[in-house]
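Here the structure is laid out as structure tokens; the discussion comes afterwards.
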Amino acid sequence: MKSEPAVYGIDELAAQPLQTDHWEGVRNYQARNMLRDEMRPGDLALFYHSKCPRSGVVGIMEVVRAGYPDHTAFDPESKYYDPKSDPDRPRWHMVDVRFERRLARTIPLAELKANPALADTLLVQRGNRLSIMPLTPAQWQAILDMEREGGFTAAL
DNA sequence: GCCAACGTTGGC
DNA sequence: GCCAACGTTGGC
């Protein structure tokens with residue numbers, strides 16, 4: 557699950573009460589379908605920082621509430637307002653996620669792209685802009701296996 | 001800031 | 001339903 561850290565980063569999630577928050581603002585139908593139809597409590601997700609100097613995977617979250625209507629779409633004051641969504645027929649959905657842990661290091665996109673085990677992921681494919689993408693168990697493990705590689709020079 | 005890639009909109 | 005124009009994403 558991607559988010560721009562300048563807008564909402566993993567530190568903000570970790571600072572929430574119960575380290576839990578709703579994942580608001582997704583306005584893409586393919587991503588919406590995953591939020592609404594596929595993600596279930598207990599599912600794990602990676603937190604990916606996008607559009608920043610160190611884009612990459614930064615941590616792990618757990619889905620704690622399945623898809624439900626994204627109320628920010630109903631709020632004219634919200635930057636995520638969409639007049640075509642209304643409470644009777646909500647167009648956009650979100651899930652609740654809980655911070656689990658940060659990774660020992662940020663795994664940068666360049667490393668993800670260089671890992672043959674991830675060649676089939678949507679994340680590393682050209683031009684992909686989806687903010688929520690599925691991973692197979694093997695892909696998930698391949699990413700976590702990279703956590704301890706080559707990252708010991710960056711002191712915390 | 002640039003720009004390629006992609007999704008959405010709307011005229012026809 | 002086609003498709004050009006436009007807006008957005010996001011790496012670099």
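Per this note's numbering, the first sequence starts with residue 557, numbered consecutively. Glycine included, every Cβ here is placed at the ideal spot set by N, Cα and C.
First through last residue of the beta strand (DSSP E) which encompasses residue i
i, result
"GLU568", "Element bounds for GLU568: not the beta strand (DSSP E) but the alpha helix (DSSP H), 566 to 571."
Anticipated Cβ contact below 8 Å, residue i with residue j, distance rounded
i, j, result
"ASP577", "ASP652", "7 Å"
"LEU668", "LEU659", "About 12 Å separates the two Cβ atoms, so there is no contact after all."
Alpha-carbon spacing of residue i relative to residue j, whole angstroms
i, j, result
"ARG657", "SER687", "20 Å"
"ASP642", "PRO632", "11 Å"
"ALA711", "PRO664", "With a pLDDT of 39 at ALA711, under the threshold of 50, the predicted position of this residue should be treated as unreliable, and no value is reported."
"MET689", "ASN584", "12 Å"
"GLN534", "GLU618", "Since the first residue shown for the chain is 557 and the last is 712, residue 534 is missing from the structure and cannot be characterised."
"ARG610", "THR662", "8 Å"
Beta-carbon proximity check, residue i vs residue j, cutoff 9 Å
i, j, result
"MET595", "ALA622", "yes"
"TRP696", "LEU574", "no"
"VAL620", "ARG654", "yes"
"TYR604", "SER559", "yes"
Helix, strand or coil at residue i according to DSSP, with G and I counted as helix
i, result
"LYS669", "helix"
Any non-hydrogen atom of the ligand SAH within 8 Å of residue i CB
i, result
"ARG685", "This structure lacks the ligand SAH, and indeed carries no ligand of any kind."
Terminal residues of the alpha helix (DSSP H) in which residue i lies
i, result
"ARG588", "585 to 589"
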